[in-house]
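*Asks:* With my numbering, the residue at position 131 of the sequence shown is 138, and numbering never jumps.
The beta carbon of each residue, even a glycine, is placed where N, CA and C say it ideally should be.
Because the structure is a prediction, the values reported are computed rather than measured.
Provided herewith is a single structure, encoded as structure tokens, for subsequent inquiry.
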Amino acid sequence: MAEGATPAVPSQELLEWPKKDKRRFLHAVYRVGDLDRTIKFYTECFGMKLLRKRDIPEEKYSNAFLGFGPEDSHFVLELTYNYGVDKYDIGTGFGHFAIATQDVYKLVENIKAKGGTITREPGPVKGGSTVIAFAKDPDGYLFELIQRGPTPEPLCQVMLRVGDLDRSIKFYEKALGMRLLKKTDRPEQKYTIAMLGYADEY
């Protein structure tokens, strides 16, 4: 375990209902400026599959669902294109998505070959041994690429920035039934992270 990391312990904040609950993340929704361009990038660069696509002209939007497996068993991304809007301000709250892969170096070379942007070259994470890289999609959304063993769920994390970490942990535990998997304080880098989810690993 990384220096400064705190292992998960049973939380007193966790209510009774989630202790026997089998819920999971279904999808994350965000807006893109060119739906077909993003679909092409995710399928060719990341290896995702286009699961379904629909156009809702009466409401002036289209959306597409992409992931590494079917929606009934995998976390997927729902991309929304609003007619006439080709650019969005991502803001400071969203950090990145994460994709697990057995070979970060190979994935990065594929992304580069397809014209994608790598914002951090592959290498060990600072203070650790896990190999990571970062890629940016056509709209500026970041994806962390994490080297791991085989996994049925490559789309494995969503990173958000919060103003009060303990308050947010309590919300995700009490309101959504998540579990605190790990908490790491990095004073030298002036940040603390908490990993929460419905599974026992991340």
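Thinking just about the alpha-carbon of each residue, which of VAL132, THR50, TYR90 is nearest to the one in LYS121?
*Replies:* Checking every option, the nearest Cα to that of LYS121 belongs to THR50.
*Asks:* Rounded to the nearest angstrom, how far is the Cβ of LYS56 from that of LEU73, given a contact under 8 Å?
*Replies:* So it is a contact: roughly 7 Å between Cβ atoms.
*Asks:* Would you report the Cα separation of GLY123 and ALA142, rounded to the nearest angstrom?
*Replies:* GLY123 and ALA142: Cα-Cα distance of roughly 7 Å.
*Asks:* Excluding the five sequence neighbours on either side, which residues of its own chain have a C-beta within less than 7 Å of the C-beta of ASP207, listed in chain order?
*Replies:* Result list for ASP207: empty, nothing under 7 Å.
*Asks:* Near SER69, which residues of its chain fall below 6 Å by C-beta distance, leaving aside the five closest residues on each side in sequence?
*Replies:* Contacts found: LEU42, ASP62, TYR88.
*Asks:* Which of helix, strand or coil does DSSP assign to PRO131?
*Replies:* Correct three-state label for PRO131: strand.
*Asks:* So, at 6 Å on beta carbons, what are the nonlocal neighbours of PHE82 in its own chain, with the 5 sequence-adjacent residues on each side left out?
*Replies:* PHE32, LEU162.
*Asks:* Near VAL132, which residues of its chain fall below 8 Å by C-beta distance, leaving aside the five closest residues on each side in sequence?
*Replies:* VAL138, ILE139, listed in sequence order.
*Asks:* Would you mind giving the Cβ-Cβ distance between ARG186 and GLY204, rounded to the nearest angstrom? I have them listed as a contact below 8 Å.
*Replies:* Contact holds; Cβ gap of about 7 Å.
*Asks:* Tell me, please, which residues DSSP counts as bridged to ALA105.
*Replies:* BP columns for ALA105 point to GLU151, GLN164.
*Asks:* Taking Cβ positions, are VAL39 and THR45 nearer each other than 8 Å?
*Replies:* Yes.
*Asks:* With distances taken Cα to Cα, identify the nearest neighbour of GLN196 among GLY134, ASP173, PRO159.
*Replies:* Selected option, being the one with the closest Cα: GLY134.
*Asks:* With a CB to CB cut of under 6 Å and the five nearest residues on each side skipped, what residues in its chain are close to PRO159?
*Replies:* Contacts found: none.
*Asks:* Compute the distance between the beta-carbons of ILE3 and VAL111, then report whether it is under 8 Å.
*Replies:* The requested residue 3 does not occur in the structure, where the chain is confined to residues 8 to 209.
*Asks:* For ASP171, count neighbouring C-beta atoms within 10 Å of its own C-beta (all shown protein chains included) and say buried if the count is 16 or more, exposed if not.
*Replies:* The residue is exposed, with fewer than 16 neighbouring Cβ atoms inside 10 Å.
*Asks:* Nearest CA to the CA of GLY184: which residue from PRO145, ILE176, LYS190?
*Replies:* Among PRO145, ILE176, LYS190, the Cα nearest to that of GLY184 is on ILE176.
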